[in-house]
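Each number in this note's numbering comes from the position in the sequence shown (counting from 1) with 46 added on.
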Amino acid sequence: MVNSIKIQNKKGKPPKCLCGCEKEVNWDSSNSRWYKYLNLHRQRKGGWKHSDETKAKMSISNKIAQSRPDVVARKKKLWTKERRKKASKRLTKLMADPKRKLEVSKRIKRLWLIDEYKEKFSQKWTKQQKIEIAERSKAAWTEERKRLQSLTSCGLNNPNWKGGLSLLPYCYKWTKDLKSYIKERDYNTCQNPSCDTIEKLAVHHINYDKLNCDPDNLITLCMSCNSKANGNREFWKELYQGIINDKIAANTKFSKP
């Protein structure tokens with residue numbers, strides 16, 4: 047379908063956008079017609095929706111086209127090893143930004159609110175599929191591979207290595223009562239802005255100093271967010287400290303145990 051209305055000339059008042067915004071559309075000079083929608087307004091109507099039959103035909107024709115020898119040869123020529131490495135580095139650099147990660151996380155969570163999306167991606171594995179996956183995983187992760195993985199990701203070889211700080215003891219205030227108090231103060235909910243889980247909670251040291259067990263330096267996080275906070279520490283430190291400062295400012299009765 048064409049996103050425009052065919053007319054003979056540009057005379058008269060332009061029609062309004064079909065999304066319902068009541069704004070006038072632009073003129074398509076290359077095809078001598080008015081557009082049906084303003085730029086990016088088509089998404090408000092959900093875009094064009096193909097029938098299941100049309101989707102099946104498109105899928106078959108696409109598979110046939112992608113398997114043609116000339117298409118396969120062109121892909122191999124275009125996507126060389128060097129180009130794949132460059133693309134991988136660009137993507138890794140892009141996703142290393144925590145703000146970008148939070149945006150992507152929020153988008154995915156919004157998608158999971160749509161029932162059609164849930165049905166499509168929440169299909170359960172059959173017993174046979176689970177068995178096949180487990181067998182492939184066991185075959186891939188041999189004892190030798192596990193040993194090499196352990197050697198290359200522990201101690202000085204790990205990018206998050208901080209000189210063995212995890213082996214240092216906590217301060218004497220680090221008790222179950224203190225941790226319970228911090229969780230109750232934070233309403234037993236993960237305080238990461240992009241997460242609201244209430245399960246598997248932990249108490250995180252904002253400045254990463256295990257000897258500083260002051261409540262102003264502690265915040266409730268789920269296990270997943272607590273693990274993420276081990277990377278890009280300056281960002282997470284600033285984010286969580288700001289959350290605690292706002293909490294203290296808003297609650298004049300905020301008191302320490």
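Glycine included, each C-beta is placed from N, C-alpha and C at the ideal position.
Here the structure is a predicted model, which is why all the values come from computation and not from measurement.
Take the Cβ of residue i as the centre, count every other Cβ of all protein chains shown within 10 Å, and call the residue buried at 16 or more, exposed below.
i: A186; result: exposed
i: N204; result: exposed
i: Q237; result: buried
i: H96; result: exposed
i: R153; result: exposed
i: Y286; result: buried
i: V249; result: buried
i: R125; result: For the sequence presented, residue 125 should be read as Trp rather than Arg. W125 comes out exposed.
i: D232; result: buried
i: V117; result: exposed
i: A275; result: buried
Kindly indicate which three-state DSSP category residue i falls into: helix, strand or coil?
i: K123; result: helix
i: R130; result: helix
i: D116; result: helix
i: D74; result: strand
i: K62; result: strand
i: A111; result: helix
i: S240; result: coil
i: P205; result: coil
Comparing C-alpha positions only, which one of the options sits nearest to residue i?
i: T221; options: T126, I294, N258; result: N258
i: K246; options: K152, W125, A296, N272; result: N272
i: P215; options: F281, K225, N234, D255; result: D255
i: N44; options: D262, K274, K283; result: Residue 44 is absent from the structure shown; the chain starts at 47 and stops at 303.
Just grab the DSSP bridge partners of residue i for me.
i: V249; result: T266
State yes or no: is the C-beta of residue i within less than 7 Å of the C-beta of residue j?
i: I12; j: L264; result: No answer is possible for residue 12: the residues shown for the chain start at 47 and end at 303.
i: L84; j: K69; result: yes
i: P115; j: N278; result: no
i: S113; j: S240; result: no
i: I252; j: K283; result: yes
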